[in-house]
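Residue numbers (the working numbering), protein chains in the order written: chain V, 906 to 1408; chain F, 112 to 418; chain D, 1451 to 1662. First the structure, in the form of structure tokens, and then the observations on it.
Listed below in structure tokens is the structure:
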């Protein structure tokens, strides 16, 4: 091999003075970094992905992990990554696959938006003592109400309300399919969603029987592969989501590798055992907006107009016009997935280069819908790289009704964002179907962790709102007056319709 | 801060402005001398069928020519004059207050502008957003707003407020905190027959502004109160909600209260919150709104004002 | 009937629906059980994501016929448009989707197919299939075409297999049923003059990617 090997990404070492030779690192590492030879634990650093399972499980804190122990000559253009990708492709002639979200070091707009607080002229509100309303309804709202007077002189509502989802907090858990992640991960999140009065997405992998008890808190997804989709599935969901695209890989389909399609996955997806589960890039009954309108109506007809239907699109350049088209259909919500959105596996070139940031997408979609007088026709759900309650508050202030979290929920289950989800070896029992690994994740404990995360963010959101003198989430929504831009250029400020700090 | 007063004579008999001047002057400690104003209904009985447009002009050449042209394009000016004023030591006359009595012509009304009110609303928005040096600050029928930067008594004397007779009077004494103290920023804020005086700060302003601007209103006064007049016009006039329903939309019951209501009432209140969530006003406020058939007063939901 | 969409959408049970005229799109979508007899042509995507039941179309049908169909039967007397049988799939023996076309089909027949059977009889045609991309991306199931199929018509990942007496035995009941519906003599079709097309691999795209 003329190319030889590239430097290892990580160097793992054990402090032998600390080590008690318990072997937990060997047991826990599914990537095969550790092995025992005689009375010694040997280390093969090259296999390490920095999932940190060994570090977390070592009872003596004896393990040290160093990133880039051997590096290339530094160069601002020919970075290590660039060089290694070329070497990889020179060897293979293939498309490079990667996991999780966009890993490029681009400025994050959320970090350059600042929130407001009250001083003197209006009192802060204390969410501990005073009412703080986060209740959010997702779905179509009338643009105006009509009343009529009854004979007895009472005022009666004439307008009929469309079905809406009621959220106790504007945080939902996005779609991660059974197959991409384990049943125990889905169970953990479903229990948490039910406990927190919110919803989670099934992803495109069908609805496993074990999740039926939580179906009132599940949004069932219909993607191009139509895995697990039948009338029973549609009727079980609290809402139905048509997935057109996702932020990690706009414009292309996906496939779950055959090795992840075990018996349970096969049954839930209703596909053959062991074969790739292929989602084509487009839905083959949707080649136009008119076709999408037809699928939405078809889903509504099948479920007797009792369920909200969402449409999920990746944030691409003309996202606002697409969303406006969707708003004119019978769809009840549009999910916009920004270019930082995560995934089990995506071609790296797509993950890192296609699409636009969610912040700009929320802003332009909200504006376009208002310009066209259809903002009430549809709710906006933002997703793709929402990391904290601050990102949540800023998303809502830019105009979103609620957010989907994905990676954040997985991190609350133990994920350390090593990005090797597509290998079926996830040592945290999340992105794997290997029974021994899946059993490491206890759904009861997992549910507590996910629920805690949502609770913590919800408390923080209440505090942020209270400090801004706002006691109802409606008054934060689209309230860009309470945002200021810091180190954002004029063009971006204009898109966000936000004043610079100090103004 | 700020001080507000509103009163009505239910028999519609008119009283002159001397009492409200005296009343407002008692609240000087709630103001900063940066603005005061009065709204009076019933003051132009001779022109009761015409829109009384009160305008601040920065110059009588260019700005006024543009407004004249726009009005003539959309209808007929039956009378116009400078609003009479008397110099006051405390007031620097930076604008010329002017009034037109105007009637939109019927043959221009179609589609989006199907009524006289729509045409006048359009003209107000167009002038305030796009004609430099002109601000229409009052546009109702048989009513008018008089305001300026200064102490209440000075403003009243400047406009000789005691010479007007109205059956509804609103008054406001300003202590600006979130916007510059300029004449257009003084209260009352008016559109058509809606006049608003407000004490407090609207923390939901950005949301409310985005909402009304989606319906063609343009917030140009650089202060939050303006949006309340537009919210009343949108909900009360365009959507035909009763005054009570408008207030219910702007300051709705809490969800836990709604959850405890009987089903029908709960559904009505839920519908209001879902439909008019973006109109909900947050933050501390006490507001009095004048309309041609009465006055509406309400406060924020947890009574942070008046204080 | 002219253009009514969503007939039988999500319908369950044993109903029998007779349609005189041309139904609109998504006929029998998510359907589970009923039988629809259509005396006329059908529009876009009849049998879309259908679970079980039967569509008998006494005419031709548009694009994406039997899209993602998971079970049941669709019989089309004449021709179908592009992407017929796309992404049909099967996961249990009893739930095997079947699409039979009396005439011919346009390009991308059985694209992404993951299970089930597509049968094209080419009645009245010199060649049953003349359009390209047959079985493009197929990773399960089979496409059986009357007579020979030119190699250049096969899509990526599709492969020809010999059609055997065993195969005939398997599909004979389906042919008989089809002929019964439309009044053909089944004897005409009960020989081994067919081409069977299936997946070259159950993982057609596995070799496209390399890990980061």
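Positions of the beta carbon are idealized from the N, C-alpha and C atoms, including for glycine. Here the structure is a predicted model, which means the values were calculated and not measured.
Can you give me the Cβ contacts of residue 1496(D) inside the same chain, cut-off strictly under 7 angstroms, excluding the 5 residues immediately before and after it?
In the third chain, the residue the question calls residue 1496(D) occupies position 46. Cβ neighbours of residue 1496(D) within its own chain (closer than 7 angstroms, five residues either side excluded): 1477, 1478, 1505, 1507, 1511, 1515, 1524.
For residue 1258(V), count neighbouring Cβ atoms within 10 angstroms of its own Cβ and tell me buried if that reaches 16, exposed if not.
For the purposes of this step, residue 1258(V) is taken as the residue at position 353 of the first chain. Counting the other Cβ atoms within 10 Å of the Cβ of residue 1258(V) gives fewer than 16, which makes it exposed.
Option nearest residue 1392(V) by Cα separation, candidates 1406(V), 1084(V), 1385(V)
Within the first chain, residue 1392(V) is the residue found at index 487, counting from 1. For residue 1392(V), the nearest C-alpha among the options comes from 1406(V).
Residue 1348(V): first and last residue of the uninterrupted alpha helix (DSSP H) it sits in
Position 443 of the first chain holds residue 1348(V). Its alpha helix (DSSP H) spans residues 1348-1372.
Using only CA atoms, which one of 918(V), 972(V), 931(V), 1334(V) lies nearest to residue 912(V)?
Residue mapping note: residue 912(V) aligns to position 7 of the first chain, counting from 1. Relative to residue 912(V), the option among 918(V), 972(V), 931(V), 1334(V) whose CA is nearest is 972(V).
Could you give the uninterrupted runs of the alpha helix (DSSP H) lying entirely in the segment 326-377 of chain F, keeping only those of 4 residues or more?
Whole alpha helix (DSSP H) segments, 4+ residues: 337-343, 354-361, 366-371.
Let me check understanding here. Comparing Cα to Cα, which of 1140(V), 1267(V), 1337(V) lies closest to residue 1285(V)?
Position 380 of the first chain, counted from the first residue, corresponds to residue 1285(V). Closest in C-alpha terms to residue 1285(V), from the list 1140(V), 1267(V), 1337(V), comes 1267(V).
Considering only their Cβ atoms, is the gap separating residue 117(F) from residue 284(F) smaller than 8 angstroms?
Along the second chain, read from residue 1 onward, the residue named residue 284(F) stands at position 173. Along the second chain, read from residue 1 onward, the residue named residue 117(F) stands at position 6. No, Cβ-Cβ distance for residue 284(F) and residue 117(F) is not below 8 angstroms.
With which residues is residue 401(F) paired in a DSSP beta bridge?
By 1-based counting over the second chain, the position of residue 401(F) is 290. Residue pairing for residue 401(F): DSSP places it in a beta bridge opposite 306(F), 406(F).
Proximal chain V residues relative to residue 413(F), where beta-carbon distance stays under 9 angstroms
Position 302 of the second chain holds residue 413(F). Here the neighbours are 1030, 1035, 1036, 1376.
Helix, strand or coil for residue 1287(V)? Go by DSSP, reduced to three states.
Mapped onto the first chain, residue 1287(V) falls at position 382. It is a strand residue.
Using a Cβ cut-off of 7 angstroms, which residues of the segment 359-373 of chain F contact any Cβ in chain V, in chain order?
So the close ones are 365, 366.
For residue 1514(D), would you say it is in contact with chain V, using Cβ-to-Cβ distances shorter than 8 angstroms as the test?
One-based indexing of the third chain puts residue 1514(D) at position 64. Yes, residue 1514(D) lies at the interface with chain V (some Cβ there is under 8 angstroms from its Cβ).
With a cut-off of 8 angstroms, does the C-beta of residue 1491(D) fall near any C-beta of chain V?
Stepping through the third chain from its first residue, residue 1491(D) is reached at position 41. It does not; no Cβ of chain V falls within 8 angstroms.
Any idea if residue 171(F) is buried or exposed, counting beta-carbon neighbours within 10 angstroms, 16 or more meaning buried?
Counted from its first residue, the second chain places residue 171(F) at position 60. Of the other Cβ atoms in all chains shown, fewer than 16 fall within 10 Å of the Cβ of residue 171(F); this residue is therefore exposed.
Give, in chain order, every residue of the segment 993-1015 of chain V whose Cβ lies closer than 7 angstroms to some Cβ of chain D.
Listed by position along the chain: 993, 997, 999, 1000, 1001, 1002, 1003.
Whether residue 363(F) touches residue 391(F) by CB criterion (8 angstroms):
Translated into the one-based positions of the second chain, residue 363(F) becomes position 252. Translated into the one-based positions of the second chain, residue 391(F) becomes position 280. Judged by beta-carbon spacing, residue 391(F) lies within the 8 angstroms limit of residue 363(F), meaning their Cβ atoms are closer than that value.
Using three-state DSSP, classify residue 1051(V) as helix, strand or coil.
Numbered from 1 along the first chain, position 146 holds the residue referred to as residue 1051(V). Secondary structure of residue 1051(V) (DSSP, three-state): coil.
Give me the residue from 1359(V), 1088(V), 1002(V), 1038(V) with the minimum Cα distance to residue 1169(V).
Residue 1169(V) sits at position 264 when you count from the first residue of the first chain. Measuring from the Cα of residue 1169(V), the nearest candidate turns out to be 1088(V).
For residue 1551(D), which residues of its own chain have a beta-carbon under 6 angstroms away from its beta-carbon, when the five flanking residues on both sides are left out?
The count along the third chain starts at 1 and reaches residue 1551(D) at position 101. Once the five neighbours on either side are set aside, the close Cβ partners of residue 1551(D) are 1526, 1530, 1570.
Compare the Cα-Cα distances from residue 252(F) to each of 331(F), 413(F), 411(F), 401(F) and report the closest residue.
Residue numbering aside, residue 252(F) sits at position 141 when the second chain is read from its first letter. Taking only the C-alpha atoms, the option nearest residue 252(F) is 401(F).
Using a Cβ cut-off of 7 angstroms, which residues of the segment 1498-1527 of chain D contact any Cβ in chain V, in chain order?
Under the 7 angstroms Cβ criterion, the segment 1498-1527 of chain D contributes 1498, 1499, 1501, 1514, 1517, 1518, 1520.
Given a limit of 7 angstroms on CB to CB distance, which residues of the segment 1184-1199 of chain V reach chain D?
Going along the segment 1184-1199 of chain V in chain order, one finds 1185, 1189, 1190, 1199 with a Cβ nearer than 7 angstroms to chain D.
When the Cα atoms are used, what is the spatial distance from residue 1175(V) to residue 1242(V)?
The residue labelled residue 1175(V) in the question sits at position 270 within the first chain. The residue labelled residue 1242(V) in the question sits at position 337 within the first chain. Taking C-alpha positions only, residue 1175(V) is separated from residue 1242(V) by approximately 27 angstroms.
In three-state terms, what does DSSP make of residue 318(F)?
Within the second chain, residue 318(F) is the residue found at index 207, counting from 1. In the structure shown, residue 318(F) sits in a helix (DSSP, three-state: H, G or I).
Bridge partners for residue 923(V) per DSSP, in chain order?
Translated into positions along the first chain, residue 923(V) becomes position 18. Paired residue(s): none; residue 923(V) is not in a bridge.
Alpha carbon of residue 1146(V) to alpha carbon of residue 1335(V), nearest angstrom:
To locate residue 1146(V), count along the first chain from 1; it is residue 241. To locate residue 1335(V), count along the first chain from 1; it is residue 430. Each residue's CA atom was taken as its position, placing residue 1146(V) and residue 1335(V) some 23 angstroms apart.
Within 10 angstroms of its Cβ, does residue 1453(D) collect 16 or more other Cβ (buried), or is it exposed?
Counting from 1 along the third chain, the entry for residue 1453(D) is found at position 3. The residue in question, residue 1453(D), is exposed, as its Cβ has fewer than 16 Cβ neighbours within 10 Å.
In three-state terms, what does DSSP make of residue 1138(V)?
Position 233 of the first chain, counting from 1, holds the residue named residue 1138(V). Helix at residue 1138(V).
In the DSSP assignment, find the beta strand (DSSP E) that holds residue 1146(V) and state where it starts and stops.
As a first step, residue 1146(V) must be located in the first chain, where it is residue number 241. For residue 1146(V), the enclosing beta strand (DSSP E) begins and ends at 1144-1148.
Proximal residues, the segment 294-309 of chain F versus chain V, C-beta separation under 7 angstroms
Within the segment 294-309 of chain F, no residue qualifies.
List, in chain order, every chain V residue whose beta-carbon is nearer than 7 angstroms to that of residue 1536(D).
Within the third chain, the letter at position 86 stands for residue 1536(D). 1189, listed in chain order.
Taking DSSP as the reference, what is the three-state secondary structure of residue 122(F)?
As a working mapping, residue 122(F) is identified with position 11 in the second chain. Coil at residue 122(F), not helix or strand.
Distance check for residue 950(V) and residue 977(V), CA to CA, integer angstroms please.
Here residue 977(V) corresponds to residue number 72 of the first chain, with the count starting at 1. Here residue 950(V) corresponds to residue number 45 of the first chain, with the count starting at 1. Spanning the two alpha carbons is a distance of roughly 18 angstroms.
Mind checking residue 925(V): buried by the 16 CB within 10 Å criterion, or exposed?
Looking up residue 925(V) in the first chain gives position 20. A residue is called buried when at least 16 other Cβ atoms come within 10 angstroms of its Cβ; residue 925(V) does not meet this threshold and is exposed.
Quick one: does residue 237(F) have its CB under 8 angstroms from some CB of chain V?
The residue you call residue 237(F) lines up with position 126 of the second chain. Taking Cβ atoms only, chain V never reaches closer than 8 angstroms to residue 237(F), which makes this a no.
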